[in-house]
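**Student:** Handing you a structure now.
Number of protein chains: 2
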Amino acid sequence: MSKQELPVIDQDTAAEGCRPGLLSAPLDEDQAAVLAKVFKALGDPVRLRLLSMIASRAGGEVCVCDLTPAFDLSQPTISHHLKLLREAGLIASERRGTWVYYRLLPEMTDRLAGILTRPAALVVPEPAA
Amino acid sequence: MSKQELPVIDQDTAAEGCRPGLLSAPLDEDQAAVLAKVFKALGDPVRLRLLSMIASRAGGEVCVCDLTPAFDLSQPTISHHLKLLREAGLIASERRGTWVYYRLLPEMTDRLAGILTRPAALVVPEPAA
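Residue numbers (my numbering), protein chains in the order written: chain Z, 275 to 403; chain Y, 275 to 403.
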């Protein structure tokens with residue numbers, strides 16, 4: 275079987291509208307495995323704080339040297355958490371000189387927001403006052 | 275200090291609009307701890323599939339007896355995963371007779387979708403063609 279015949283979960287395709295739809299139809303095992311990895315990366319308070327510091331930074335980029343002082347943790351520990359966020363597709367990094375700089379990959383958070391949004395048919399309208 | 279003076283993270287308040295805003299401002303430690311617990315509950319493929327089966331069921335309710343056959347796992351294992359989803363505020367359960375029935379708590383998924391949605395100021399409009 276050639277490589278092209280294999281079904282592949284394409285994160286770009288998912289981000290562009292062909293979403294698995296967590297709330298609208300049962301996920302299959304492959305979809306669940308991919309998504310669970312991303313949610314697991316978010317399932318830690320230090321990683322959530324790191325992500326929010328990176329995402330909310332004006333200019334869109336943060337030096338690791340500005341992240342570490344906010345935590346009572348060693349730089350290797352912070353770097354490990356950042357690596358898990360990067361492997362989940364939530365952030366990107368770039369080394370320039372001594373330091374590594376991080377930025378949000380909003381396609382992934384957009385995708386998660388999309389799959390956690392109820393299909394319109396499931397949203398019950400509020401009764402008129 | 276009276277109990278009323280203590281700051282408390284109120285999930286109802288958060289769901290109603292006073293959201294911590296993962297992408298708009300750095301989370302504090304308490305906000306991150308609460309959110310991490312919910313994301314951790316989602317960070318497992320079996321729990322994601324269970325949640326999607328419950329959320330997408332017409333009628334809004336699923337008997338545990340209809341969930342277990344979809345998995346190659348024992349009923350106690352499935353029940354443990356359901357307990358973690360329930361403790362995270364993602365689903366509710368009700369025992370009726372022999373079986374337990376589960377339903378989605380959409381306030382929590384709405385809340386997560388909200389905090390993962392980029393503030394309007396951070397969304398770059400697509401250039402006109």
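Every residue gets a Cβ at the ideal spot worked out from N, C-alpha and C, and that includes glycine.
For glutamate 361/Y, go through chain Z and note every residue whose CB falls closer than 7 Å to its CB, in chain order.
**Tutor:** Correct list: empty, because the minimum Cβ distance to chain Z is about 13 Å.
**Student:** In three-state DSSP terms, what is arginine 331/Z?
**Tutor:** Looking at arginine 331/Z - three-state DSSP - the assignment turns out to be coil, as it is neither helix nor strand.
**Student:** Kindly indicate which residue of Ala310/Y, Gly388/Y, Ala344/Y and Gly363/Y has the alpha-carbon position closest to the one of aspartate 302/Z.
**Tutor:** Considering only alpha carbons, the answer is Ala344/Y.
**Student:** With a cut-off of 8 Å, does the C-beta of alanine 394/Z fall near any C-beta of chain Y?
**Tutor:** Taking Cβ atoms only, chain Y never reaches closer than 8 Å to alanine 394/Z, which makes this a no.
**Student:** Going straight from the alpha carbon of aspartate 318/Y to that of leucine 309/Z, what length do you get?
**Tutor:** About 8 Å.
**Student:** If you measure between the beta carbons of alanine 366/Y and arginine 377/Y, is that distance less than 8 Å?
**Tutor:** Result yes, Cβ atoms of alanine 366/Y and arginine 377/Y sit closer than 8 Å.
**Student:** Quick one, are the C-beta atoms of arginine 321/Y and proline 380/Z less than 8 Å apart?
**Tutor:** No.
**Student:** With 8 Å set as the bound, which would you pick, yes or no: does the beta-carbon of arginine 377/Z sit closer than that to a beta-carbon of chain Y?
**Tutor:** Chain Y, which has no Cβ nearer than 8 Å to the Cβ of arginine 377/Z, makes this no.
**Student:** Using the three-state DSSP reduction, which class does leucine 378/Y fall into: helix, strand or coil?
**Tutor:** Three-state DSSP puts leucine 378/Y in a strand.
**Student:** Compare the C-beta of alanine 299/Z against all C-beta atoms of chain Y and say whether one is closer than 8 Å.
**Tutor:** It does: the Cβ of alanine 299/Z has a partner Cβ on chain Y nearer than 8 Å.
**Student:** Check whether the Cβ atoms of leucine 297/Z and serine 330/Y lie closer than 8 Å to each other.
**Tutor:** Cβ atoms of leucine 297/Z and serine 330/Y: closer than 8 Å.
**Student:** Along the segment 309 to 324 of chain Y, where does the CB come closer than 9 Å to a CB of chain Z? Name the residues.
**Tutor:** Taking 9 Å as the Cβ-Cβ cut-off against chain Z, the residues of the segment 309 to 324 of chain Y that qualify are Leu309, Ala310, Lys311, Val312, Phe313, Lys314, Ala315, Leu316, Gly317, Asp318, Pro319, Val320, Arg321, Leu322 and Arg323.
**Student:** Give me the Cβ distance between arginine 323/Y and alanine 315/Z, rounded to the nearest whole Å; I'm assuming they're in contact under 8 Å.
**Tutor:** Not a contact, Cβ separation roughly 19 Å.
**Student:** Against chain Z, does leucine 364/Y count as a neighbour if the rule is that its beta carbon must be under 8 Å from one of theirs?
**Tutor:** It does not: the Cβ of leucine 364/Y has no partner Cβ on chain Z nearer than 8 Å.
**Student:** Rounded to a whole number of angstroms, what is the C-alpha to C-alpha distance between aspartate 384/Y and valine 312/Y?
**Tutor:** Approximately 13 Å between the Cα atoms of the pair.
**Student:** Based on the DSSP output, what are the partners of serine 367/Z in its beta bridges?
**Tutor:** DSSP output for serine 367/Z lists Tyr376/Z as bridge partner(s).
**Student:** Can you give me the Cβ contacts of cysteine 337/Z inside the same chain, cut-off strictly under 6 Å, excluding the 5 residues immediately before and after it?
**Tutor:** Counting only Cβ-Cβ distances below 6 Å, and skipping sequence neighbours, we find Trp373 and Tyr375.
**Student:** Decide if serine 348/Y is buried, meaning its Cβ has at least 16 other Cβ atoms within 10 Å, or exposed.
**Tutor:** With fewer than 16 other Cβ atoms within 10 Å, it is exposed.
**Student:** Would you mind telling me which residues of chain Y sit closer than 9 Å to leucine 358/Z, beta carbon to beta carbon, in chain order?
**Tutor:** Those do not exist, as leucine 358/Z stays about 11 Å from chain Y at its closest Cβ, beyond 9 Å.
**Student:** With 8 Å as the threshold, decide whether the Cβ of proline 343/Y is near any Cβ in chain Z.
**Tutor:** For proline 343/Y, the answer is no, since every Cβ of chain Z falls outside 8 Å of its Cβ.
**Student:** Who does valine 336/Z pair with in a DSSP beta bridge?
**Tutor:** Valine 336/Z pairs with Tyr376/Z.
**Student:** Quick check: leucine 364/Y and methionine 382/Y, are their CB atoms within less than 8 Å of each other?
**Tutor:** A contact, by the Cβ cut-off of 8 Å.
**Student:** Looking at alanine 362/Y: is its Cβ nearer than 8 Å to the Cβ of alanine 387/Z?
**Tutor:** No; because the gap between Cβ atoms is not below 8 Å, this pair is not in contact.
**Student:** Are leucine 390/Z and leucine 359/Z touching if we call contact CB-CB under 8 Å?
**Tutor:** No; because the gap between Cβ atoms is not below 8 Å, this pair is not in contact.
**Student:** Does proline 350/Y pass the burial test, meaning 16 or more other C-beta atoms within 10 Å, or should it be called exposed?
**Tutor:** With fewer than 16 Cβ atoms within 10 Å of its Cβ, proline 350/Y is classed as exposed.
**Student:** Along the segment 326 to 355 of chain Z, what residues have a CB closer than 7 Å to any CB found in chain C?
**Tutor:** This model lacks chain C altogether; the protein chains it does include are Z and Y.
**Student:** Suppose you measure from the CA of alanine 299/Y to the CA of threonine 342/Z; what does that come to, to the nearest Å?
**Tutor:** Each residue's Cα considered, the two are about 17 Å apart.
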